[in-house]
Structure formats: structure tokens, C-alpha cells
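Colleague: Quick one: the structure is below, and I'll ask about it shortly.
Protein chains: 2
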Amino acid sequence: MKLLTRDTDYAIRALSSMGSSGELVTADDLVKKTGVPKPFLRKILQILGKKGFVKSYKGIGGGFRLSLPGNSIKLVDVMEIFQGPLKLNECFFKKMVCPNRATCPLKKKVDKIEKYVVSQLEAITIGSLSA
Amino acid sequence: MKLLTRDTDYAIRALSSMGSSGELVTADDLVKKTGVPKPFLRKILQILGKKGFVKSYKGIGGGFRLSLPGNSIKLVDVMEIFQGPLKLNECFFKKMVCPNRATCPLKKKVDKIEKYVVSQLEAITIGSLSA
DNA sequence: CAAAATGATACTAAGATGGTATCATTTAGA
DNA sequence: TCTAAATGATACCATCTTAGTATCATTTTG
Chain A
1 MKLLTRDTDY AIRALSSMGS SGELVTADDL VKKTGVPKPF LRKILQILGK KGFVKSYKGI
61 GGGFRLSLPG NSIKLVDVME IFQGPLKLNE CFFKKMVCPN RATCPLKKKV DKIEKYVVSQ
121 LEAITIGSLS A
Chain B
1001 MKLLTRDTDY AIRALSSMGS SGELVTADDL VKKTGVPKPF LRKILQILGK KGFVKSYKGI
1061 GGGFRLSLPG NSIKLVDVME IFQGPLKLNE CFFKKMVCPN RATCPLKKKV DKIEKYVVSQ
1121 LEAITIGSLS A
């Protein structure tokens, strides 16, 4: 099981490669820094732009820049964009109910695990990865 | 993100539907109890048989039975059969390395999360779901 | 106006997931 | 011994997700 898809992975690489210097970085620069295939990276950058994580500038001399300080971009928010909300217990014992209970006893346990995972991921920021 | 695939889900339903009474249960019985499509359930039962979780008996009056007490069948072992080993950090920042470090700072954090998740899953047994 | 950059959007290949279908084998019992 | 009821083995298939490509439009600077 993967915690992060490749989209997310690439997005994180891109975001942390932008740094907090405030300089513009082009997609080509980011391709060199991250090793991500260009068309795919461009698509990811466009999504990050729409979601407000980066600000983009067209034309010669243009590029991308973080629109927030790296320390205020949470990993879990980036994940959510590309993977949807973290729901570990999705689909579990769906319509069926456990044989001996009205509510699934496993759900509670999985919920507890999920809460922990989310809380840990909340604490990870882009900034904390490049510091 | 799903913690468990449908295979695993169905396998757990089947195992916990067998109970610990020691009686034989046929695939047809389990279909009724679990709502899983029969051919798929049969495939899953065969895998559980090969892996030693259930013992099977052919012919009229045959069926399946847990080969271990429910309390000694761990959820994480069932997961491993159908989903492979739990590796949350698989593929993460694969060949690439984070810009400012030789080792990926995220890997450590994900490893920590993974350890917790595994430890929690280790504690969940089939028996604990139907008790 | 041209070149360099991003924006928008449609398309595609491969693998994983969630099944189905078929035939072989074993066993109990009339 | 024949038959029905059960599992064993195996091959096949449809859909969805993932990971990516391709193309053209738009904006901006010089």
C-alpha cells in the first residue's frame, strides 16, 4: 500500500525545490531539479496553481513561486489535492455488517489509526522537508 | 487511500463468519453470510487454504474451518497475503533525494507512522472482530 | 512580432482491481 | 458403483486508476 501516489510525490518535490527565496523558477528548472518528466510536471504545477499553492507568471522571465511560506504548506493538504481526503476505512465492511454487532468493531480501530496518521501528517510541512 | 483491498475485506468477513465453533462451513453458507460473489469468494478461500488459515474438506458434507483459533489470526497477516507487506513509504522520493539532504527527511517520518500503523494492526485479530 | 513561458484540454498505455467461467478432483451416501 | 455435492486449479475478462503524452492557445517581454 502506498501512502502517497506519484502525483503527490512529484508535487512535493516541486514545492520543496522552489524554496522560499521568492525567486521565480521555470518548469524547465524544476525538471532538472526533480527529475520529473516535463509534461507531467507541468500538469502538476497547473493544478498546484489552481489550488493556490503556487503563483504562476507567463511569458519570458516567468515561472512559478510558492504563494505561501513553505512552513505553512502541510503535506496532508498536498496529498488531499491529488489523492482525495485520507480515509483509511473507506469501503470497509461496506454495506455488510460484522456478524455479531450492529456496528463494525473494526471501524473503530481503523478510525483510531486514521486519526493518528492524519495528525502526524498534519505536522509535516514543505518547509520541514527542505530545512 | 484504502487501507484494505476488497480481497482482504472479503477474506476477513469469511474468516470471522466461520467462527470458532469448529463446524464446517461451505462456500455457499459463506456466500449467504457475507454477501460476497461466490466465484470470488471461492478463489479467496482457496488462497486462505494454501496459506494455512483454513483447512478444507472436499465432497458432500465438506467445507471450510479455521485451522487456528480466531484470536491467533492477525489482521495484518491476512492483509499481507492479499496486499503484500505494508510499506507506506514505498516509492517515496525514490531515486531522487531531497534537495538539501543526503537522506530523505520525509522517509524517517513516514517510517515512524508506518511502525505505529503496523503495531496497531498487529493487535487486531479475527477473534477480536467477532467476539 | 518573435520567443519564452504557462494554461487548457484531450488522449493513451500499462497495471491493478474485482471479478467470471470452466473443468478436474475428491468424498459421502443411496 | 454411480451420483451429487463439495473444493482445487487455472484461465480469462472488464473496468478503473495511475502515470504519462501531445497539442494548441494565451500571455508577456524585449
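Going line by line, the protein sequences match chains A and B. Mapping of the first sequence onto the working numbering: residues 1 to 131, in sequence order. Mapping of the second sequence onto the working numbering: residues 1001 to 1131, in sequence order. Backbone N, C-alpha and C fix where the C-beta goes; we use that ideal spot for every residue, glycine too.
Could you tell me the distance, in whole angstroms, from the CA atom of Y10(A) to the CA atom of Q46(A)?
Modeller: The residue you call residue 10(A) lines up with position 10 of the first sequence. The residue you call residue 46(A) lines up with position 46 of the first sequence. Going from the Cα of Y10(A) to the Cα of Q46(A) covers about 13 Å.
Colleague: If you compare alpha carbons, which of K1109(B), L1048(B), G1019(B), G1084(B) is closest to L1004(B)?
Modeller: Start at 1 with the first residue of the second sequence, and residue 1004(B) comes out as number 4. It is G1084(B) whose Cα lies nearest to the Cα of L1004(B).
Colleague: Counting only Cβ pairs nearer than 8 Å, list the residues of chain B close to I124(A).
Modeller: Here the question's residue 124(A) lines up with position 124 in the first sequence. By Cβ distance, chain B contributes L1106, K1109.
Colleague: Against chain A, with Cβ distances strictly below 8 Å, would Y1057(B) count as a contact?
Modeller: Locating residue 1057(B) in the second sequence gives position 57, where the first residue counts as 1. No - not a single Cβ of chain A is within 8 Å of the one on Y1057(B).
Colleague: What number of angstroms, rounded off, separates the C-alpha of L1129(B) from the C-alpha of Y116(A)?
Modeller: Taking the first residue of the second sequence as position 1, residue 1129(B) is located at position 129. Taking the first residue of the first sequence as position 1, residue 116(A) is located at position 116. For L1129(B) and Y116(A), the distance between alpha carbons rounds to 21 Å.
Colleague: Taking only three categories from DSSP, how would you classify F1082(B)?
Modeller: Taking the first residue of the second sequence as 1, we reach residue 1082(B) at position 82. If DSSP states are grouped into helix, strand and coil, F1082(B) belongs with the helices.
Colleague: Using DSSP bridges, identify the partner residues of L66(A).
Modeller: Reading the first sequence from its first residue, position 66 is the one you call residue 66(A). According to DSSP, L66(A) bridges with V54(A).
Colleague: Taking 8 Å as the limit between beta carbons, can you name the residues of its chain near L1024(B), skipping five residues before and five after?
Modeller: Along the second sequence, read from residue 1 onward, the residue named residue 1024(B) stands at position 24. Only Y1057, G1061, G1062, G1063, F1064, R1065 meet the Cβ criterion.
Colleague: With a cut-off of 8 Å, does the C-beta of Q1046(B) fall near any C-beta of chain A?
Modeller: Along the second sequence, read from residue 1 onward, the residue named residue 1046(B) stands at position 46. No, its Cβ sits nowhere closer than 8 Å to a Cβ of chain A.
Colleague: Could you pull out every residue in the same chain whose Cβ sits closer than 8 Å to the Cβ of V76(A), ignoring the five residues on either side in sequence?
Modeller: The count along the first sequence starts at 1 and reaches residue 76(A) at position 76. Around V76(A): L86, V118, L121, E122, I124.
Colleague: What residues of chain B sit near L88(A), judged by a beta carbon separation below 9 Å?
Modeller: The residue labelled residue 88(A) in the question sits at position 88 within the first sequence. The answer, in chain order, is M1001, K1002, L1003, L1004, V1117.
Colleague: If you drop the 5 nearest sequence neighbours on each side, which residues of the same chain put their C-beta closer than 8 Å to that of E80(A)?
Modeller: Locating residue 80(A) in the first sequence gives position 80, where the first residue counts as 1. For E80(A), where only same-chain residues beyond five positions count, the Cβ hits under 8 Å are L86.
Colleague: Per DSSP, what kind of secondary structure is V1025(B) in: helix, strand or coil?
Modeller: Looking up residue 1025(B) in the second sequence gives position 25. It is a strand residue.
Colleague: So is I60(A) in contact with chain B if we call contact Cβ pairs under 8 Å?
Modeller: As a position in the first sequence, residue 60(A) is number 60, starting the count at 1. No, I60(A) does not count as interfacial toward chain B.
Colleague: How many whole angstroms separate the CB atoms of I126(A) and I73(A), which I take to be in contact at a CB cut-off of 8 Å?
Modeller: If you number the first sequence from 1, residue 126(A) lands on position 126. If you number the first sequence from 1, residue 73(A) lands on position 73. Contact holds; Cβ gap of about 4 Å.
Colleague: Does L1129(B) come within less than 8 Å of chain A when only Cβ atoms are used?
Modeller: Translated into the one-based positions of the second sequence, residue 1129(B) becomes position 129. For L1129(B), the answer is yes, since a Cβ of chain A falls inside 8 Å of its Cβ.
Colleague: Between which residues of its own chain and K1051(B) is the CB-CB distance below 8 Å, once the five residues before and five after are set aside?
Modeller: As a first step, residue 1051(B) must be located in the second sequence, where it is residue number 51. I1081.
Colleague: Any idea if F1040(B) is buried or exposed, counting beta-carbon neighbours within 10 angstroms, 16 or more meaning buried?
Modeller: By one-based count along the second sequence, residue 1040(B) stands at place 40. It is exposed - the Cβ of F1040(B) has fewer than 16 other Cβ atoms within 10 Å.
Colleague: Verify the CB distance criterion: does I113(A) have a CB-CB separation below 8 Å to chain B?
Modeller: One-based indexing of the first sequence puts residue 113(A) at position 113. It does; some Cβ of chain B falls within 8 Å.
Colleague: Could you round the C-beta distance between S1020(B) and K1033(B) to whole angstroms and report it? I think they count as a contact, below 8 Å.
Modeller: Against the second sequence, residue 1020(B) aligns to sequence position 20. Against the second sequence, residue 1033(B) aligns to sequence position 33. Going by Cβ atoms, the distance from S1020(B) to K1033(B) rounds to 15 Å, so no, they are not a contact pair.
Colleague: Short check: CB of V54(A) to CB of S67(A), under 8 Å?
Modeller: What you label residue 54(A) is simply residue 54 of the first sequence in a count that begins at 1. What you label residue 67(A) is simply residue 67 of the first sequence in a count that begins at 1. Yes, the Cβ-Cβ distance between V54(A) and S67(A) is below 8 Å.
Colleague: How big is the Cα-Cα spacing for A14(A) and N71(A)?
Modeller: Residue mapping note: residue 14(A) aligns to position 14 of the first sequence, counting from 1. Residue mapping note: residue 71(A) aligns to position 71 of the first sequence, counting from 1. Going by the C-alpha atoms only, they are around 15 Å apart.
Colleague: I'd like the list of long-range same chain contacts for A1027(B), defined as Cβ closer than 7 Å, with 5 residues on each side in sequence excluded.
Modeller: The residue given as residue 1027(B) occupies position 27 in the second sequence. Closer than 7 Å at the Cβ level, and outside the excluded window around A1027(B), lie K1038, L1041, R1042, L1045.
Colleague: According to DSSP, which residues form a beta bridge with T34(A)?
Modeller: Along the first sequence, read from residue 1 onward, the residue named residue 34(A) stands at position 34. According to DSSP, which records beta bridges pairwise, T34(A) is partnered with nothing at all.
Colleague: Out of L48(A), L106(A), L88(A), D111(A), state which residue places its alpha-carbon closest to the alpha-carbon of K2(A).
Modeller: Start at 1 with the first residue of the first sequence, and residue 2(A) comes out as number 2. The residue with the shortest Cα to Cα distance from K2(A) is L88(A).
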